[in-house]
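Per our numbering: the sequence shown = residues 1334 to 1386. Even glycine gets a Cβ: it sits at the ideal position worked out from N, Cα and C. As the structure is a computational prediction, the values presented were derived from the model and not from experiment. Scroll down for the structure; my scribbles are underneath it.
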Amino acid sequence: IKLVETMAKSEAWATECKNRNWTPILLTGDDYAKFVTEDTARIGAILKDLGLA
């Protein structure tokens, strides 16, 4: 995790995000777990609406 945190704070990563029009976001620990839970529910609802789940 420390390696990813270091990379996410680097100028090279900021440049890459800008070049690719990405939003630089780093989530770890509880914040990451919350994101995964919420995103899984969101995607599940979409799949259900499409009749795929």
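- DSSP places alanine 1386 in no alpha helix (DSSP H); its state is neither H nor E.
- Between isoleucine 1334 and threonine 1361, the gap from beta carbon to beta carbon is short of 9 Å.
- Boundaries for threonine 1356: no alpha helix (DSSP H) harbours it, and the DSSP string shows neither H nor E there.
- Per DSSP, reduced to three states, the secondary structure at threonine 1361 is coil, with no helix or strand assignment.
- For the pair glutamate 1338 and leucine 1359, the CB atoms are nearer than the 9 Å cut-off.
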